[in-house]
Amino acid sequence: MLLHLLALGYQLGQRHYLFPDSDRYLTEAANIGRAGEFYAWPLSGPRSVQEYTIRPPGYPLFLLLTGGTLALPLGTLLLQNLLSLLNLGLMAQLLRRFQPSARVWGAVLALIALYPAQLIYANVLMSELLLQTCVVGLLCVGTAFLAHHRRRDALLLSLVASAAMLIKPVFYPFAAVVLAVSMWAAWQRRCWQLALFGTVPLLVALLYQGWNYQRTGYFHFSSIAEINLLRYNVRGVLRKTQGTEAAEHFVAATVRAGEQQPSFAAQQRYITAQCAQVLQQHPMAYAALHLQGMANFFLDPGRFDLVHFLGLPESSEGGLLNRFNAHGYRAIWEYLQTAPIALLLTLALVALGNVVRTLAFALFLFDSKAPAALRVVAGGLVLYVAALTGPLGAARFAVPVAPLLLLGVPFALARLRRFRARRT
Numbered sequence: 000m001l002l003h004l005l006a007l008g009y010q011l012g013q014r015h016y017l018f019p020d021s022d023r024y025l026t027e028a029a030n031i032g033r034a035g036e037f038y039a040w041p042l043s044g045p046r047s048v049q050e051y052t053i054r055p056p057g058y059p060l061f062l063l064l065t066g067g068t069l070a071l072p073l074g075t076l077l078l079q080n081l082l083s084l085l086n087l088g089l090m091a092q093l094l095r096r097f098q099p100s101a102r103v104w105g106a107v108l109a110l111i112a113l114y115p116a117q118l119i120y121a122n123v124l125m126s127e128l129l130l131q132t133c134v135v136g137l138l139c140v141g142t143a144f145l146a147h148h149r150r151r152d153a154l155l156l157s158l159v160a161s162a163a164m165l166i167k168p169v170f171y172p173f174a175a176v177v178l179a180v181s182m183w184a185a186w187q188r189r190c191w192q193l194a195l196f197g198t199v200p201l202l203v204a205l206l207y208q209g210w211n212y213q214r215t216g217y218f219h220f221s222s223i224a225e226i227n228l229l230r231y232n233v234r235g236v237l238r239k240t241q242g243t244e245a246a247e248h249f250v251a252a253t254v255r256a257g258e259q260q261p262s263f264a265a266q267q268r269y270i271t272a273q274c275a276q277v278l279q280q281h282p283m284a285y286a287a288l289h290l291q292g293m294a295n296f297f298l299d300p301g302r303f304d305l306v307h308f309l310g311l312p313e314s315s316e317g318g319l320l321n322r323f324n325a326h327g328y329r330a331i332w333e334y335l336q337t338a339p340i341a342l343l344l345t346l347a348l349v350a351l352g353n354v355v356r357t358l359a360f361a362l363f364l365f366d367s368k369a370p371a372a373l374r375v376v377a378g379g380l381v382l383y384v385a386a387l388t389g390p391l392g393a394a395r396f397a398v399p400v401a402p403l404l405l406l407g408v409p410f411a412l413a414r415l416r417r418f419r420a421r422r423t
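0 is the number of the first residue of the sequence shown in numbering that gives the first Met the number 0; add one for each residue after it.
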């Protein structure tokens with residue numbers, strides 16, 4: 000709690016609560032409040048169809064309801080800090096089931112302290128903390144549902160999953176997971192209501208896509224899918240296989256050709272087709288890029304987050320991950336030679352915490368002493384988000400699942416004690 004108070008106090012003094020992606024959330028929230036328009040760009044300019052669906056409505060509505068569009072979004076920041084404490088408190092409740100020792104609690108607190116992203120995203124206008132609350136809710140409700148197959152848990156699971164997809168598009172495909180699990184439980188219990196509840200996220204997704212079709216002429220969930228596919232996945236593959244210049248040329252040419260298409264739907268289908276062709280030509284390069292992104296997801300210390308939150312000067316060459324994607328490991332060495340020592344030491348400590356947390360969680364997943372339902376749900380949620388994030392993998396995208404990694408601490412320490420006992 001003290002760390003959250005310090006971070007909030009710093010933020011209220013410095014007012015660095017806008018990140019590069021905050022503008023669209025705030026603009027959509029303001030447009031909803033003033034004109035009832037779910038549109039992520041200023042209404043005064045020419046309309047861009049992609050801005051109708053680039054941000055789902057969940058977080059803009061949250062901003063509008065909590066005062067996030069005010070000059071000082073105190074209500075939003077206070078509530079996000081409370082949600083952060085709630086999420087960590089719920090994880091502590093789960094850990095209490097395993098009767099952790101003082102040493103385990105000390106390790107948990109140390110790993111929380113070595114994870115500044117939790118404090119940063121509680122104090123900026125970004126959707127990660129709100130989604131984290133949904134993920135922790137999915138863990139708690141999903142574990143109970145797998146263990147007991149109760150109708151109440153099935154309904155709560157579907158409602159929380161629906162909320163998650165309306166906050167971040169990454170949880171849109173999760174509707175299929177909820178449906179499959181609910182149908183399996185319905186078959187096990189011979190209770191058709193469980194399957195019926197499992198259809199709720201799918202119905203929400205279909206209704207939202209139908210609404211998007213009415214507004215854009217294209218049946219889809221979010222326009223961010225094509226943006227990420229072209230500007231991150233395909234660009235990354237072409238950088239590795241053909242060089243930066245060829246990658247930038249392809250992206251620019253595809254965007255220009257897409258803009259010549261007769262409709263937004265045709266434009267998005269064209270971009271998807273062009274990108275699919277590139278990925279089919281370089282499957283191994285894409286697989287390597289995807290695995291690299293997943294590794295970054297777990298290990299990235301979040302230099303970008305710290306620099307922006309603290310208001311430190313940013314290099315004109317962009318962030319470390321961007322340089323790494325463009326120039327490989329040489330870029331990391333060059334950065335280490337020029338970065339401030341204090342920042343490097345902080346990032347090294349955070350990276351160490353990330354490694355320990357990830358290894359502990361991996362041990363937890365394969366520890367038969369941990370409840371099977373908890374391992375399945377926690378592992379499934381973490382790997383789901385990591386896999387779907389793919390080449391975009393960075394510290395920010397791991398925030399929603401970060402508290403779940405703490406589950407591994409008591410089991411990793413217990414295994415370490417057993418290992419030491421065998422050595423003596």
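Backbone N, C-alpha and C fix where the C-beta goes; we use that ideal spot for every residue, glycine too.
Taking 8 Å as the cut-off, the beta carbon of Gly378 is found no closer than this to the beta carbon of Met293. Nearest Cα to Phe296 within the set Val135, His147 and Leu404: Leu404. Taking a cut-off of 8 Å for Cβ pairs, the region 91-99 and the region 55-71 do not touch, as fewer than three such pairs fall below it.
Under the Cβ criterion (8 Å, minimum of three pairs), the region 141-148 does not count as touching the region 111-118. Thr345 carries a helical assignment under DSSP once its states are collapsed to helix, strand and coil. For Ile31, the secondary structure class from DSSP, reduced to helix, strand or coil, is helix. The DSSP-derived three-state label of Val123 is coil.
The DSSP-derived three-state label of Thr68 is coil. Counted as a single uninterrupted DSSP element, the stretch harbouring Leu228 is not any alpha helix (DSSP H), since DSSP gives it neither H nor E.
Going by DSSP, Met164 is part of the alpha helix (DSSP H) stretching over Arg150 to Met164. Gly32 and Ala174 have their C-alpha atoms some 29 Å from each other. In the structure shown, Pro390 adopts helical secondary structure according to DSSP, grouped into three states.
Contact between Val107 and Val408 is confirmed by a C-beta separation of about 5 Å, below the 8 Å threshold. Under the DSSP assignment, Pro282 falls in the alpha helix (DSSP H) whose first and last residues are Pro282 to Leu298. When rounded, the separation of the alpha-carbon atoms in Val277 and Val233 is 7 Å.
The count of Cβ pairs closer than 8 Å, one atom from the region 262-269 and one from the region 203-219, reaches three, so the stretches are in contact.
Around Val376, the same chain offers Leu137, Leu138, Gly141, Thr142 and Leu145 as residues with beta carbons nearer than 8 Å, after the five sequence neighbours per side are excluded. In this structure Val236 is in contact with Ala284, their Cβ atoms being roughly 5 Å apart against a cut-off of 8 Å.
When the Cα atoms are used, Gln131 and Pro55 turn out to be separated by approximately 16 Å.
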